[in-house]
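First up is the structure itself, then whatever we jot down about it.
Chains as they are written, first to last, in the numbering used here: chain V, 1 to 117; chain G, 1 to 110.
Below you can see the structure in the form of structure tokens.
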């Protein structure tokens with residue numbers, strides 16, 4: 001079974017400050033890990049993903065995340081927050097087994113990021 | 001442009017009615033998924049399909065039904081057996097490790 005825990009349902013930062021959104025996972029097999037962003041009443045957009053290889057993954061909009069197997073973590077960071085980063089962020093895990101049809105995601109409960117002036 | 005189209009964007013249902021949410025993709029993906037989103041609960045998997053004419057229940061399939069007659073289409077029916085259907089519904093398709101999402105349908109029971 002897989003699960004994802006996102007610590008902090010709401011995070012508030014000042015514009016220009018570091019953004020850190022925490023994600024810990026549980027998986028019985030090597031995981032694939034993802035961060036998605038959602039703006040109000042919209043679908044999810046992929047920020048970045050880890051499958052294999054380099055453990056530091058860079059994504060869109062200046063975000064990055066580091067896969068730490070020993071800590072079972074995949075925290076999302078951005079050095080300097082912008083007002084446009086205000087949104088809800090979801091961490092997700094899937095089984096690290098490639099099939100032609102992909103595999104289903106298990107999501108965390110989300111973290112609402114607020115960016116203040 | 002390639003993508004996933006969900007319709008309608010907003011849907012209102014009277015208690016006791018069945019409603020069908022549409023999901024169409026032109027990405028040529030084999031796998032498609034339906035998720036339900038409620039505030040504070042993240043996304044929960046309702047049904048998924050890895051290939052045409054085959055689908056499996058997810059974590060919260062009770063009160064829902066699906067069909068997969070065409071690769072491009074994966075409609076979700078919310079039946080009267082679903083006691084709390086008011087939610088935001090998201091359809092997705094995937095190729096290998098990456099999932100792509102539609103813009104969602106907000107269903108409200110009136």
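C-beta: ideal position from N, C-alpha, C; glycine also.
Using a Cβ distance threshold of 7 Å, residue 92 (chain G) and residue 47 (chain G) do not count as a contacting pair.
Residue contact check for residue 103 (chain G) against chain V: a CB pair falls below 7 Å. Non-local C-beta neighbours of residue 26 (chain G) in its own chain, meaning closer than 6 Å and more than five positions away in sequence, comprise 2, ordered along the chain.
When C-alpha distances from residue 38 (chain G) are compared across G:21, G:10, G:84, the shortest belongs to G:84. Under the Cβ criterion of 7 Å, residue 25 (chain G) is not counted among the residues facing chain V. Per DSSP, residue 68 (chain G) lies in no beta strand (DSSP E) segment and is marked neither H nor E. Among the residues of chain V, those whose CB is under 7 Å from the CB of residue 33 (chain G) are 104, following chain order.
Listed as beta-bridge partners of residue 48 (chain G) by DSSP are G:33, G:56. It is roughly 36 Å from the alpha-carbon of residue 71 (chain V) to the alpha-carbon of residue 51 (chain G). Annotation: the continuous beta strand (DSSP E) that includes residue 31 (chain V) extends over 31-38.
Taking the CA atoms as reference points, residue 43 (chain G) sits about 6 Å from residue 36 (chain G).
Between residue 110 (chain G) and residue 15 (chain G), the alpha-carbon positions lie close to 7 Å from each other. Our two residues, residue 98 (chain G) and residue 14 (chain V), have alpha carbons roughly 32 Å apart in a direct line. Residue 42 (chain G) belongs to the set of residues whose beta carbon lies under 7 Å from a beta carbon in chain V. One thing to note: residue 91 (chain V) has its Cβ no nearer than 7 Å to the Cβ of residue 11 (chain V). Looking at V:79, V:112, V:73, V:85, the one whose alpha-carbon comes closest to that of residue 25 (chain V) is V:73.
Relative to residue 5 (chain G), the option among G:60, G:86, G:108, G:74 whose CA is nearest is G:74. Residue 111 (chain V) has a beta carbon lying at 7 Å or more from every beta carbon in chain G. The bridge partners DSSP lists for residue 113 (chain V) are V:11, V:87.
Cβ-Cβ distances below 6 Å link residue 7 (chain V) to 22 in the same chain, with the five nearest sequence neighbours on each side left out; the list follows chain order. Contact annotation for residue 45 (chain G) against chain V: 104 [CB-CB distance below 7 Å, chain order]. Bounds of the beta strand (DSSP E) holding residue 25 (chain G) are 19-25. 7 Å or more divides the Cβ of residue 89 (chain G) from the Cβ of residue 108 (chain G).
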